[in-house]
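Asker:
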DNA sequence: GTCTATAAATGGATAGAC
DNA sequence: GTCTATCCATTTATAGAC
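Residue numbers (the working numbering), protein chains in the order written: chain A, 484 to 674; chain B, 484 to 674.
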């Protein structure tokens, strides 16, 4: 019902995002989109003339998703650990049934063949996410909840890496490996 | 000179491994191989009738590489930290010029479209690598060099994840992020 | 906005000559 | 083992009618 209300452009981006996370940018086609949406390839080219245009739209969709998720996490009541859990659950939300990975991981994997125009957007999105996690970790450190040595920024990348990597491994080894990895990360940060 | 001595099959696998690490399994073609080797596509099909066959050969090449690298690391004189550095340098070796990632990361990213026959091989290689790192970490823990809470296996996956993830990020953000991440990982394990 | 039709290029794969 | 030639499906993309 809710999906029907979305306009075509949003429908296309939404489905493309799904395929990006399960197959990668170079491994889904306008044909895949047209089949699942029940319209022709030409119609999709009407909305996104080149695949690069669709790619840019995907980056924008990820940015919007980031804003919403980050804001939700910032406003989440409770400790830093609970906020981090909130972010991790956001990670998990894209991993329905161990099939999806982080869309940014997917784009990174395809960096060698990605349209040029998408690269700056990808870098920007990565940085934005790292800034956000660094902010959270710093709060936790100052409140005495988290204990870790070394630069906050380095710890942030390690944390984000763990989430995304665990998601990738889950597709091959099952969901348990995700929980194990996240628990270990928390153990290191609290101990 | 040394390359000239290799037979065709090895030349093909060697080049394919390179392309796997820079572009991904689904994003290089027999045409790419033929162009760079100066022989026709048909000749490559003679050695590897289906791309799946080439994929299996790639998995085997990675296994051989693992054996060599793990053995070198086990025999590396010195502390556990120095052995881990040896493994990390092995990681770096495939990242000439920030362009290559771990071949297993690359295969994981393409898991959605990978030929069925390659999946068990991929899982086996992942497990083999995790077992090896867990062995190293446990030695370090018992000798008192490393201090970390939680299951060794979980710490092993976290360590491997950090190496591979940092390699992926390096392609987008530059090599510095790799060193920063590895230093942070060491900081957490020693502190 | 959606369709039919079509183009041009590419990718995986095979047959058969040398 | 390598080649030429060819096949068929797919992919990105465009033109033009409705």
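Every residue, glycine too, gets a C-beta built ideally from N, C-alpha and C. It should be emphasised that the depicted structure is a prediction, and the values quoted were computed from it without experimental measurement.
Thinking C-alpha only, which one of 674(B), 647(B), 634(B) is nearest residue 628(B)?
Answerer: On the second chain, residue 628(B) is found 145 positions in, with the first residue counted as 1. Comparing Cα positions, the closest option is 674(B).
Asker: Can the beta-carbon of residue 616(B) be found closer than 8 Å to that of residue 643(B)?
Answerer: By one-based count along the second chain, residue 616(B) stands at place 133. By one-based count along the second chain, residue 643(B) stands at place 160. It is a contact, given that the beta carbons lie within the stated cut-off.
Asker: Grab the span of the alpha helix (DSSP H) containing residue 593(B) for me, first residue to last.
Answerer: On the second chain, residue 593(B) is found 110 positions in, with the first residue counted as 1. From DSSP, residue 593(B) is part of no alpha helix (DSSP H); its letter is neither H nor E.
Asker: In terms of alpha-carbon separation, which member of 553(B), 665(B), 494(B) lies closest to residue 522(B)?
Answerer: Translated into the one-based positions of the second chain, residue 522(B) becomes position 39. Comparing Cα positions, the closest option is 494(B).
Asker: Below 8 Å on the Cβ atoms is my contact criterion, and I expect residue 509(B) with residue 563(B) to pass it. Report the Cβ-Cβ distance as a whole number of Å.
Answerer: On the second chain, position 26 is the one that residue 509(B) refers to. On the second chain, position 80 is the one that residue 563(B) refers to. Contact doesn't hold; Cβ gap of about 38 Å is too wide.
Asker: Kindly examine the ligand GDP and report whether one of its heavy atoms sits closer than 7 Å to the Cβ of residue 594(A).
Answerer: Among the components of this structure there are no ligands whatsoever, and the ligand GDP is therefore not found.
Asker: Tell me whether residue 506(A) is buried or exposed, calling it buried when 16 or more other Cβ atoms sit within 10 Å of its Cβ.
Answerer: Position 23 of the first chain, counting from 1, holds the residue named residue 506(A). By the neighbour-count rule (16 or more Cβ atoms within 10 Å), residue 506(A) is buried.
Asker: Which residues of chain B have a Cβ atom closer than 8 Å to the Cβ of residue 570(A), listed in chain order?
Answerer: To locate residue 570(A), count along the first chain from 1; it is residue 87. Correct list: empty, because the minimum Cβ distance to chain B is about 16 Å.
Asker: Would you say residue 652(B) lies against chain A (beta-carbon separation less than 8 Å)?
Answerer: Taking the second chain and counting its residues from 1, one reaches residue 652(B) at position 169. Yes, its Cβ sits closer than 8 Å to a Cβ of chain A.
Asker: Quick one: Cα of residue 533(A) to Cα of residue 649(B), how far?
Answerer: Here residue 533(A) is taken as the residue at index 50 of the first chain, counted from 1. Here residue 649(B) is taken as the residue at index 166 of the second chain, counted from 1. When rounded, the distance between both Cα atoms is 31 Å.
Asker: For residue 658(A), which of helix, strand or coil comes out of DSSP?
Answerer: Working through the first chain from its first residue, we reach residue 658(A) at position 175. Coil.
Asker: Would you call the region 591–606 of chain A and the region 516–531 of chain A touching, i.e. three or more CB-CB distances under 8 Å?
Answerer: In short, these stretches do not touch, since the Cβ pair count stays below three.
Asker: Since residue 565(B) is in the alpha helix (DSSP H), which residue starts that stretch and which ends it?
Answerer: Residue mapping note: residue 565(B) aligns to position 82 of the second chain, counting from 1. Counting along the chain, the alpha helix (DSSP H) containing residue 565(B) begins and ends at 563–576.
Asker: Taking the alpha helix (DSSP H) that residue 524(A) falls in, what are its first and last residues?
Answerer: To locate residue 524(A), count along the first chain from 1; it is residue 41. Counting along the chain, the alpha helix (DSSP H) containing residue 524(A) begins and ends at 524–530.
Asker: Taking residue 620(A) as the reference, give the member of 529(A), 635(A), 512(A) with the closest Cα.
Answerer: Taking the first chain and counting its residues from 1, the one referred to as residue 620(A) is at position 137. It is 635(A) whose Cα lies nearest to the Cα of residue 620(A).
Asker: Excluding the 5 residues flanking residue 571(A) on each side, which residues of the same chain have their C-beta closer than 8 Å to its C-beta?
Answerer: The residue labelled residue 571(A) in the question sits at position 88 within the first chain. Here the set comprises 646, 665.
Asker: Just to confirm my understanding: we take residue 754(B), look at its own chain, exclude 5 residues before and 5 after, and list those with CB closer than 7 Å. What are they?
Answerer: Past the boundaries of the shown model lies residue 754(B); chain B is included only from 484 to 674, so the question cannot be answered.
Asker: Quick one: does residue 496(A) have its CB under 8 Å from some CB of chain B?
Answerer: Along the first chain, read from residue 1 onward, the residue named residue 496(A) stands at position 13. Output row for residue 496(A): interface = no.
Asker: Quick check: the Cα distance between residue 653(B) and residue 558(A), rounded to an integer number of angstroms?
Answerer: Taking the first residue of the second chain as 1, we reach residue 653(B) at position 170. Taking the first residue of the first chain as 1, we reach residue 558(A) at position 75. About 32 Å.
Asker: Do we get a CB-CB distance below 8 Å when we pair residue 490(A) with the residues of chain B?
Answerer: If you number the first chain from 1, residue 490(A) lands on position 7. Not one chain B Cβ lies under 8 Å of residue 490(A).
Asker: By DSSP, does residue 521(B) sit in helix, in strand, or in coil?
Answerer: Stepping through the second chain from its first residue, residue 521(B) is reached at position 38. Note: residue 521(B) maps to coil in three-state DSSP.
Asker: Roughly how many angstroms separate the alpha carbons of residue 560(B) and residue 566(B), rounded to a whole number?
Answerer: Residue numbering aside, residue 560(B) sits at position 77 when the second chain is read from its first letter. Residue numbering aside, residue 566(B) sits at position 83 when the second chain is read from its first letter. Going by the C-alpha atoms only, they are around 8 Å apart.
Asker: Taking DSSP as the reference, what is the three-state secondary structure of residue 584(A)?
Answerer: Start at 1 with the first residue of the first chain, and residue 584(A) comes out as number 101. Residue 584(A) falls in the coil class under three-state DSSP.
Asker: Taking 8 Å as the CB-CB cut-off, is residue 581(B) touching chain A?
Answerer: Working through the second chain from its first residue, we reach residue 581(B) at position 98. Not an interface residue.
Asker: Out of 590(A), 630(A), 511(A), 548(A), point me to the one whose CA is closest to residue 576(A)'s CA.
Answerer: For the purposes of this step, residue 576(A) is taken as residue 93 along the first chain, with counting starting at 1. The candidate whose alpha carbon is nearest that of residue 576(A) is 548(A).
Asker: Is the Cβ-Cβ distance between residue 500(A) and residue 541(A) less than 8 Å?
Answerer: Working through the first chain from its first residue, we reach residue 500(A) at position 17. Working through the first chain from its first residue, we reach residue 541(A) at position 58. Cβ atoms of residue 500(A) and residue 541(A): closer than 8 Å.
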